[in-house]
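The numbering used here numbers the first residue of the sequence shown as 450 and each following residue consecutively. Worksheet for the structure shown next.
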Amino acid sequence: MTLACLELAKILIIDDEEANVRLLERILHQEGFYNLTLLTHPAAVLQTVVAIQPDLILLDLHMPELDGFQVLDRLRSVIDPTMPIPIIMLTADTTPHVRWRALGLGAKDFLIKPFDIVEVVFRIRNLLETRSLQMYMYEHNAQLERQVQERTQHLEEAQDELLARLALTAEYRDDDTGMHSQRVGKMAGQIASQLGLTAEEVDWIQRAAPLHDLGKVAVPDHILLKPSSLTTQEFIVIKQHSTIGAKILADSQFPLLKIAAEIAYSHHERWDGAGYPCGLAGTAIPLRGRIVAVADAFDVMTHTRPYKTAVSIEAAANELRRNSGTQFDPTIVDACFAVLIEDLLLDAHYDLKSDFARSVSSNVYAPSLLVRA
450 MTLACLELAK ILIIDDEEAN VRLLERILHQ EGFYNLTLLT HPAAVLQTVV AIQPDLILLD
510 LHMPELDGFQ VLDRLRSVID PTMPIPIIML TADTTPHVRW RALGLGAKDF LIKPFDIVEV
570 VFRIRNLLET RSLQMYMYEH NAQLERQVQE RTQHLEEAQD ELLARLALTA EYRDDDTGMH
630 SQRVGKMAGQ IASQLGLTAE EVDWIQRAAP LHDLGKVAVP DHILLKPSSL TTQEFIVIKQ
690 HSTIGAKILA DSQFPLLKIA AEIAYSHHER WDGAGYPCGL AGTAIPLRGR IVAVADAFDV
750 MTHTRPYKTA VSIEAAANEL RRNSGTQFDP TIVDACFAVL IEDLLLDAHY DLKSDFARSV
810 SSNVYAPSLL VRA
């Protein structure tokens with residue numbers, strides 16, 4: 450309904466007296482309003498309002514089955530408070546307390562019986578014009594909100610793509626598939642979910658974790674790709690990647706980059722305090738960093754790098770178990786094994802009778818038997 454076509458408005462007339470209903474019908478027909486619904490039994494008002502969604506309601510105040518006050522009260526349950534339907538009360542009672550009560554229940558205007566035809570037309574048109582403007586603003590605001598949501602989604606998608614490509618700049622240095630960062634992100638998200646973190650936090654971690662090794666862009670190839678053991682000086686250089694990655698990502702106004710900076714800085718800390726760059730221990734290490742430490746270690750062990758060959762899931766699991774409580778947070782290891790159990794159960798080709806599957810599936814919540822890396 451627009452201002453140019455008010456006559457298309459849906460008007461509901463509720464009055465137990467047939468004569469009043471027909472009189473209002475004639476008045477409105479003369480003004481070009483034909484989309485009318487007439488009710489002489491107020492008990493059906495809720496069902497009718499839900500069915501036709503009127504633009505205006507004319508409601509008699511004094512009716513035998515349900516009076517206008519009772520109808521007003523019941524209408525609250527079916528009328529959207531963000532887009533209320535204007536209601537004009539029909540009454541011969543002009544006492545103030547009647548008006549106050551009706552207005553308090555949501556009525557917008559009054560028509561006094563006997564009806565003045567000119568007044569009826571003006572009051573109805575005024576309220577319909579107001580509703581038309583309200584509907585226009587409501588739809589306009591809804592459209593703007595949809596546009597904002599779409600643009601926000603596009604910005605988030607663009608941000609994710611740029612971050613993924615940024616992660617790949619480091620990833621291709623020592624993983625020619627470029628998939629390590631994505632696998633770590635996925636597993637970190639699964640571990641976070643197993644820990645009972647909120648869906649929003651799980652999403653943040655999964656999206657930020659792939660940037661954990663961004664600082665490797667500053668590590669020389671002859672060190673990063675060295676197939677033999679690193680010297681003490683070379684190890685000092687490679688350890689700087691956590692600090693460099695954090696500096697690249699630090700001081701951003703975007704929450705995702707702040708989380709990524711935290712992960713980059715802390716994912717090489719150890720539960721026992723022997724890690725780097727700060728030597729943090731236990732819960733002083735950010736939870737996100739502890740999660741990514743486990744996900745990163747498991748993926749590195751189970752995939753080939755220039756300086757190492759991949760080991761089996763069982764061997765990686767045993768290494769995680771061996772380092773649980775020293776290098777890694779035991780709780781994170783527990784959650785990691787819960788993830789592995791789910792993944793293995795979903796794999797139709799995995800032999801659930803293997804020693805590894807039996808030991809993990811039967812002891813997944815027994816910390817002393819869980820794996821750690």
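The beta carbon of each residue, even a glycine, is placed where N, CA and C say it ideally should be.
Could you check what DSSP says for residue i in three-state terms: helix, strand or coil?
i	result
Leu679	coil
Leu794	Low confidence applies here, because Leu794 scores a pLDDT of 45, under 50, leaving its location unreliable and the question unanswered by this model.
Lys557	coil
Thr448	As shown, the chain starts at 450 and ends at 822. That puts residue 448 outside it, with no answer to give.
Arg754	strand
Phe777	strand
Lys635	helix
Ser642	helix
Arg734	According to the sequence shown, residue 734 is Ile rather than Arg. Note: Ile734 maps to coil in three-state DSSP.
Leu457	helix
Tyr483	coil
Leu674	coil
Thr447	Since the first residue shown for the chain is 450 and the last is 822, residue 447 is missing from the structure and cannot be characterised.
Among residues of its own chain, excluding the 5 on either side of residue i, which ones have a beta-carbon nearer than 7 Å to its beta-carbon?
i	result
Ile740	Ala637, Ile640, Ala641, Ile654 and Ile781
Asp464	Val470, Thr489, Asp509 and Leu539
Over what stretch of residues does the beta strand (DSSP E) that includes residue i continue unbroken?
i	result
Asp509	Leu505 to Asp509
Ile463	Ile460 to Ile463
Met538	Ile536 to Thr540
Return the chain-ordered list of same chain residues with a C-beta closer than 8 Å to the C-beta of residue i, the five sequence neighbours on each side being excluded.
i	result
Glu683	Ile672 and Lys675
Glu474	Ile462, Leu485 and Leu487
Thr442	With the chain running from 450 to 822 in the structure shown, residue 442 is simply not present.
Gln608	Phe703 and Leu705
Ser761	Thr751
Phe805	The predicted model places Phe805 with a pLDDT of 46, which falls under 50 and marks its position as unreliable; any figure quoted below should be read in that light. Hits under 8 Å: Ile762, Glu763 and Ala766.
Met532	Gln583, Met584 and Tyr587
Residues in its own chain within less than 6 Å of residue i by CB, not counting five upstream and five downstream?
i	result
Tyr714	Ser691 and Ala695
Ala528	Sequence check: residue 528 is Ile here, not Ala. Closer than 6 Å at the Cβ level, and outside the excluded window around Ile528, lie Ile534.
For residue i and residue j, which I take to be in contact (beta-carbon distance under 8 Å), what is that distance rounded to the nearest angstrom?
i	j	result
Arg736	Leu660	It is worth fixing the name first, because residue 736 is Leu in this sequence and not Arg. So it is not a contact: roughly 17 Å between Cβ atoms.
Leu455	Arg572	Actually they are not in contact, since the Cβ atoms of Leu455 and Arg572 sit about 13 Å apart, beyond 8 Å.
Asp504	Leu577	6 Å
Ala619	Val666	5 Å
Lys557	Ile501	Incorrect: roughly 19 Å between the Cβ atoms, too far for contact.
Leu705	Ala658	That pair is no contact at about 11 Å.
Ile697	Leu663	6 Å
Could you give the first and the last residue of the continuous alpha helix (DSSP H) run that contains residue i?
i	result
Phe518	Gly517 to Leu524
Ala468	Glu467 to Gln479
Glu718	Here Glu718 belongs to no alpha helix (DSSP H), and DSSP marks it neither H nor E.
Gln496	Val494 to Ile501
Ala759	No alpha helix (DSSP H) holds Ala759; DSSP gives it neither H nor E.
Val403	There is no way to answer for residue 403, as the model of the chain reaches only from 450 to 822.
Taking one C-beta from the segment 533-542 and one from the segment 506-521 each time, how about it: are there three or more such pairs within less than 8 Å?
The segment 533-542 vs the segment 506-521: in contact.
Meets three-Cβ-pair contact criterion under 8 Å: the segment 762-778 and the segment 718-727:
With the cut-off at 8 Å, the segment 762-778 and the segment 718-727 touch.
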